[in-house]
Amino acid sequence: GWVRFSFPSIVSGRAVSGIELRFEDGKVVEASAEQNEDLLYAQLDTDARSRYLGEFAIGTNFGIDRFTGNILFDEKIGGTVHMAIGKGYPETGSKNDSAVHWDMICDMREDSTIHVDGELFYQNGAFKV
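Numbering-wise, the working numbering puts 74 at position 50 of the sequence shown, and it's gapless, one number per residue.
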């Protein structure tokens, strides 16, 4: 499915904004960006595994209430999800190896859902299970 990332994502000191990715079986098969699309494609085409999802997590820290530009804070904003293309962390069981690990954040606090195995799991920034 498609994911549109709400916040700019920084790579090589430059912001890539308006990122949209379409995944099939965990791999990015279509991509676009409103700003610095060339950087998006450079990251996606770095190596054979850079188009694969390396990380997926749900932000649960509602004490962080705004985008800061610091990924270590921003990926934890309550009501968001973040995904990274490329390398996954081996300690999480990931076997995806890539020179790339690039985090992108999607605000899920309004008009959004996550379904797992056909069941509603997360809606508008809140767990439903």
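Each residue gets a CB set at the ideal place from its N, CA and C atoms; glycine is no exception.
These numbers come from a predicted model, not from an experiment.
Alpha-carbon spacing of residue i relative to residue j, whole angstroms
i	j	result
Ala-39	Ser-74	19 Å
Val-124	Phe-31	19 Å
Met-132	Asn-120	26 Å
Glu-79	Arg-46	15 Å
Enclosing beta strand (DSSP E) for residue i [first to last residue]
i	result
Glu-11	Lying before the first or after the last residue shown, residue 11 is absent from the chain, which here runs from 25 to 153.
Ile-82	77-82
Ile-109	104-110
Sequence-distant residues of the same chain with beta carbon closer than 7 Å to residue i, five excluded per side
i	result
Gly-42	Ala-57, Glu-58 and Gln-59
Glu-134	Asn-148
Lys-111	Gly-78, Asn-120, Asp-121, Ser-122, Val-124 and His-125
Per-residue DSSP class, three states only, for residue i
i	result
Thr-116	helix
Phe-57	Before going further, note that residue 57 is Ala rather than Phe in the sequence given. Residue state, collapsed to three classes: coil.
Ala-123	coil
Asp-141	coil
Phe-86	coil
Phe-151	strand
Own chain partners of residue i with C-beta closer than 6 Å, once the 5 adjacent residues on each side are dropped
i	result
Phe-151	none
Asp-71	Ser-122 and Ala-123
Ala-81	His-106
Worksheet item: Taking three-plus beta-carbon pairs below 8 Å as touching, is the region 81-92 in contact with the region 44-53?
Response: no
Discussion item. If contact is defined by three or more beta carbon pairs under 8 Å, each pair taking one atom from either stretch, is the region 27-41 in contact with the region 59-78?
Written reply: yes
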